[in-house]
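Count along the sequence shown starting at 1, add 1, and that's the number in the numbering used here.
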Amino acid sequence: MTRPRRILRPASADPGPVDPAAFPGVDARRRAAGGKASARWRALLEDGSTVLADGAMGTMLFAAGLQFGDPPEVWNLTQPDVVRRIHRGYLEAGSLILMTNTFGGNRLRLGLHGLDGRVAELNQTAAILLRAEVEAAGGHALLAGDIGPSGAIMAPTGTLDYGEAVDVFAEQASALVAGGVDLIWVETMSDLTEVRAAIEGVRRVSPGIPLIATMTFDTRGHTMMGVSPEQAVVALTAWGADAVGGNCGNGPDELLPVIERMRAAAPDAMLVAKSNAGMPELVDMRAVYRADPAMMAAKALAMRDAGARIVGGCCGSTPEHLRAMEEALTRRV
Ligand SMILES: [Zn+2]
């Protein structure tokens, strides 16, 4: 997917009034939850060490034969063994938070392929596939239900109304929760209003589930829609995200200062760094990522030292990258 390299419009620094009923804070959710999911999240984080997330799903699927333009979520049904093998690779590398193969699993994106009626099936199946691998590996890792952007641009710049966006994200979140995920991870977002709609959608179907929200800072330290790291960490935290950060983009060298700026703006926030394996380069119409496992391992330590508590990889990263990152993080505690 090619994306514009300019900032489309300036974003407001103000997260706006926050209705505690729509966006329950951490304390309110702790009271309301009592659920297994929340307890698993707290147990994962209680010892204070850096938590390894997983690496890329999409670029691994392309390497396995997925054709450009085809919806990766269909492989949950047609190639479940491939999806499970990718999850298994990350589990064997030591990942403790793994994302379902549901990045584009909302009805707007699936609708481009005539699959908008199959949101529940594709998302639930993804969670079931991941759960099977996590259980086979001992059951220690957490399942993150992956929610990517809607694929539409929010009004008034674009055509997607806020209320419809909330409905779209709530539908996907409902299927992921029904599939048994431990948390929801809203990722690769550029527009604060869209993140807000996603969080509101998640909260509509599950007030208590832990939630990670990460945006993509690939335009001079801002998101494509002009959101700064400071604006993101303040707004996403105000909307009750348990952990906030950056994913995808142009590689660790661009994400590292984003993490540093978030840490400075929000000293208590739990931060997340899930960088691509370097700046994508186009070779023969394919994106190529050149950061090798040793490079990503060194950058994982830098992300931790900058304040990231959850560290993983995005496009171009493989189980080999994640294994090197895990070894680096556990060798130098
Ligand atoms: Zn990515």
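For glycine and all other residues, C-beta sits at the position ideal for the given N, C-alpha and C.
These figures come from a predicted structure and were not determined experimentally.
Query, Result
"Endpoints, beta strand (DSSP E) assigned at R89", "Run containing R89: none in the beta strand (DSSP E); it sits in the alpha helix (DSSP H), P81 to A94."
"P25 burial status per 10 Å Cβ neighbour count (16 or more: buried)", "buried"
"Pair within 8 Å by beta-carbon distance, M280 and G252", "yes"
"Secondary structure of D147, DSSP reduced to three states", "strand"
"Range covered by the beta strand (DSSP E) that runs through T238", "Here T238 belongs to no beta strand (DSSP E); instead the alpha helix (DSSP H) covers P230 to A239."
"With 16 other Cβ atoms within 10 Å as the buried cut-off, status of S50", "exposed"
"Counted within 10 angstroms of its Cβ, other Cβ atoms place Q68 as buried (16 or more) or exposed", "exposed"
"As assigned by DSSP and simplified to three states, the class of E188", "strand"
"CA-to-CA distance, I311 to G35, given in whole angstroms", "For G35, the pLDDT reaches just 48, beneath the cut-off of 50, and the residue's location in the model is therefore unreliable, although a value from the coordinates is still provided. Those two C-alpha atoms are separated by around 23 Å."
"Ranges of the alpha helix (DSSP H) found wholly within the segment 19-76, counting only runs of at least 4", "27-34, 37-46 and 59-64"
"Reduced DSSP category for H322 - H, G, I as helix; E, B as strand; rest coil", "helix"
"Check whether L131 and L99 have beta carbons under 8 Å apart", "yes"
"Local conformation of A124 per DSSP, three classes", "The sequence shown places Asn at residue 124, not Ala. N124: helix per DSSP, three-state reduction."
"Option in A307, H322, R287 and A329 with minimal Cα separation from G70", "R287"
"Nearest to V19 (by Cα), restricted to the options R110, A64, T238 and F170", "T238"
"Contact set for V206: own chain, Cβ-Cβ below 8 Å, skip 5 residues either direction", "A171, A174, S175 and V178"
"Distance cut-off 7 Å: N277 Cβ against heavy atoms of ligand 1", "yes"
"Endpoints, beta strand (DSSP E) assigned at G313", "A309 to G314"
"M286: first and last residue of the uninterrupted alpha helix (DSSP H) it sits in", "Segment: none, M286 is in no alpha helix (DSSP H) and carries neither H nor E."
"Distance between beta carbons of S229 and G250, contact taken as under 8 Å", "Not a contact, Cβ separation roughly 14 Å."
"Straight-line Cα distance separating N107 from A121", "9 Å"
"Chain-order list of residues whose beta-carbon lies under 7 Å from that of V182 (same chain, five-residue window excluded)", "T101, A128, L144, A145 and G146"
"Euclidean distance between Cα positions of A153 and H141", "36 Å"
"Reduced DSSP category for I200 - H, G, I as helix; E, B as strand; rest coil", "helix"
"Residue burial classification, A236 (beta-carbon count within 10 angstroms, cutoff 16)", "buried"
"Residue from G317, R305, G308 and A309 with nearest C-alpha to Y290", "G317"
"T224 in three-state terms, based on DSSP", "coil"
"Cβ shell of A325 (< 7 Å), same chain only, five flanking positions each side left out", "P294, A295, M297 and A298"
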